[in-house]
Structure formats: C-alpha cells, structure tokens
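*Asks:*
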Amino acid sequence: FIYKDNKHIADSQFKTEMAFTYWVLFALCGSVLGIPPGNNTTGITCENHYDCEPGKACVDFQCEDPCLGLCGLNTICHVVGEVSMCSCKPGFIGQPFNGCFPEVCTMNSDCPEEKICSDHLCKDACKDACGLNSVCKAVKHRAICSCNPGYVWKPFLGCHVEKMKCTRDSDCSLNSTCSNDECVDPCIGVCGNNTVCNVMNHRAACACKSGFTGDPFLECVAQNTSIPENITKKYKIGNDEVTWYTAIERCNNEGMRLASIMNESEQAEMRKSIARSPGTLVWTSGNDLSSKGHYVWDGSGNSFDYTNWGQGEPEISDKYRCIAIRADYTWLTTNCHVLTHYACEYFEN
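Read in order, the letters of the sequence shown are residues -34 to -1, 1 to 315 in mature numbering (1 follows the signal peptide of the UniProt record, and there is no 0).
1. If we ignore side chains and look at the alpha-carbon of each, how far apart do A109 and P115 end up?
2. So for P51, helix, strand or coil by DSSP?
3. Skipping 5 residues on each side, what residues in its chain have a beta carbon closer than 7 Å to that of N167?
4. Suppose the cutoff is 7 Å on Cβ atoms and the five residues either side in sequence are ignored; what does the same chain contact list for E314 look like?
5. Would V150 count as contacting chain D if we go by Cβ distances under 8 Å?
6. Pull the bridge partners of R169 from the DSSP assignment, please.
7. Which residues bound the alpha helix (DSSP H) around W210?
8. Helix, strand or coil: which one does DSSP assign to N74?
9. Comparing C-alpha positions only, which one of C29, C111, H107, A91 sits nearest to G97?
10. The alpha helix (DSSP H) spanning Q233 covers which residue range?
11. Taking the alpha carbon of N205 as the reference point, which residue from W249, G177, N229, E232 has its own alpha carbon closest?
12. Do S226 and S243 count as a contact pair if the criterion is CB distance below 8 Å?
13. Name the DSSP bridge partner or partners of V156?
14. Thinking just about the alpha-carbon of each residue, which of T299, C88, E79, R223 is nearest to the one in N274?
15. Who are L224's beta bridge partners in DSSP?
16. Beta-carbon separation of C37 and F58 under 8 Å?
17. Any heavy atom of the ligand ADP closer than 7 Å to the beta-carbon of R292?
18. In whole angstroms, what separates the C-alpha of C302 from that of Y312?
19. In three-state DSSP terms, what is D254?
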C-alpha cells in the first residue's frame, strides 16, 4: 500500500497518484476480480448498481440488463432498485421464472404440466380425478391417483381400508380378531336377536339388551316372556389339544362356543362330559384377560356367580390368565398357550 499525507500534497497530485494506485491494483488483481488483464481498463463502467442508469445493474463491472435470461417464456421483467421481478404477460398463467401459458388453450401443451386443457381453459388436472381416501399428483397433464396410507386399491371400489395380515389375535388391535389371516370385527354374525356386542381382548362379548333375557348367542326375549324350561346346556369335548385361543375358534367353527359354567347343575353336566374324555385338562372360556383378577366368561362377558376353584386357586399372575378344568373337576388358572382339550357348549331341547 502507498501512504500519502494529505496535508503536504496538493489535491490534484493526490488524485493523480491515487488513480495510478488503482491502476496498479487492477492490473495485479484483474484476473481474480474478473477484469481483463493488461492495461485495458476502459471496459470498466461501474463499481456498484448506483453507477448505472435506471433499469440496469452492475454485473462484473459492466452495466447490464438484469432481466437478461432471467424470466421464462411469455413473461415481463420489472427492475425495482436492484431487484428483478418476473410476471406473466396479461392473458397468461403459470410460473414466470419457468414460463407462462395462455389462459385460453387448444391442447394440453398450452398449459402448465399440472393442468389440462378443458373447454379451452387450463384447469387443475387433479380436480375430481380421484375418489375418496386418495391423493392426486398431476404429472405431464395427467392425474396420478394413489391411496392414502392404510388404504389399498380395489377395482371398481376405489381405496378401501387395508385389512391387516395376521397369524394370531395379538397381531390385531384389541377390538378385532385374526380370522383367515386377516384382522376382522369379531362381532359380525355372532350374537342373536335383541343383543348388544362388545369386543373384549379380541373376543365378541354378547349380552342381552336391557329388559331382555336369554342366551345372547341365540336369542334374547323380553323379560316378561317365558323361556321354555326344556332347553338345557350341553358340552362337547374336543379331541385335539389346542391353545385357549384356538379352542374358541374351534367351537365357533362348529356353531358352538367355548364352555361357561354358570351354576351347580352345569358343573354336574360338565363332569359327565369330562368323564368320557381322554384328557386331564379341559379349556373353559373363563379368563381375566381384560382385567387381572376379574374373571369373566368369554363371549357373554358375565362375571362369575358360581365357582369350583381347586386348592390354592385362582393364582392371579400375568402368566396364568385362562381357566381350565382338572381331572378332579376343579378349576385352575393356567397359561393360555398350553395345549390341551377343550369343551364347547350348545343348547338342546
């Protein structure tokens, strides 16, 4: 750098020497600054935007049109101060930095990619193109439809809720059950007339409506209507050994349900059925899966009014949640995944 004392140098001499200093700097740094090397500095017309006339900007020390190459087709460029702005020409629409298209069209190519030419107007390609539970994306003047998460496409039906695939009930939500590898509503077609169905831990719990009584899996009648006295509960023991969950399915598939024991006479009927079976344990529908320590009969959801617990039972724990009957006909709690025989119940005249 060249030091100059303004107090001892005349103003004209100072300006001359400063001009020489700038010339030296431009000559040395020209290639870095983008200025042509050599002695030719006459092409430098500006150092900032204020050195240029209105409508132009200082670009590489040259006053140039800032709109050059900035906007797309069918646009207008406006320079406000140092800022360039693009807009569509009147009668055109679109993205001005990419290009604008006529509002009145004769073919799709007259419109932006996300629009189609309809009735000589550029319109949203996705409008009314897809059905319920779907999303639309316009690609090259075409509406591409896809289903929302959790939905699947079915021909002629559109996007429908995707049924979860499963191998066991625990693969499904608590209000559905695994049937034929799909999570379904366990209440469908299970309860009889004049009943309500609630789902408890993947199982349908049928109950008579208020003011009605009877077998909720068959039919409930008004409480002032007499129920035939010759209808009795019977039990059928399954020959194969399965888990508690599979036992419920086996009984349901045969038009029956896993056994409940509501009183002493039903306990006696169960004894007669078990006496003819080969197993040492038999599943009932009793469990506390919904609330530990609160035992109910699966299906009806009824709490126990009658019990026949064995010694030390019930053992309340996270491990033993389902109820089976021993060879001595007493009840015990055990692991629901134990493989053993099961008792289905049905009614006969």
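Just so it is clear, CB atoms sit at the ideal spot from N, CA and C, and this is done for glycine as well.
As the structure is a prediction and not an experimental result, all values here were calculated from the model.
*Replies:* This is what the structure gives:
1. If I take the Cα positions, the gap works out to 19 Å.
2. Checking the sequence, you will find Met at residue 51 rather than Pro. Strand.
3. Taken in chain order, the residues that qualify are L140, L255, S256.
4. T198, K200, listed in sequence order.
5. The chain inventory of the structure shown lacks chain D, comprising one protein chain alone.
6. The partner list for R169 (beta bridge, DSSP) reads M166.
7. Per DSSP, W210 belongs to the alpha helix (DSSP H) from 210 to 219.
8. Here N74 carries a helix assignment [DSSP, helix/strand/coil].
9. Of C29, C111, H107, A91, the residue nearest in Cα terms is C111.
10. Where Q233 is concerned, the enclosing alpha helix (DSSP H) stretches over 230 to 241.
11. Ranking the options by Cα distance to N205, first place goes to W249.
12. Contact flag unset, no.
13. BP columns for V156 are empty, so no partner.
14. Checked all of T299, C88, E79, R223; the closest Cα to N274 is T299.
15. Paired residue(s): C310.
16. No. Outside cutoff.
17. Looking at this structure, you won't find the ligand ADP or any other ligand, since it has none at all.
18. Cα to Cα, C302 sits roughly 23 Å from Y312.
19. Coil at D254, not helix or strand.
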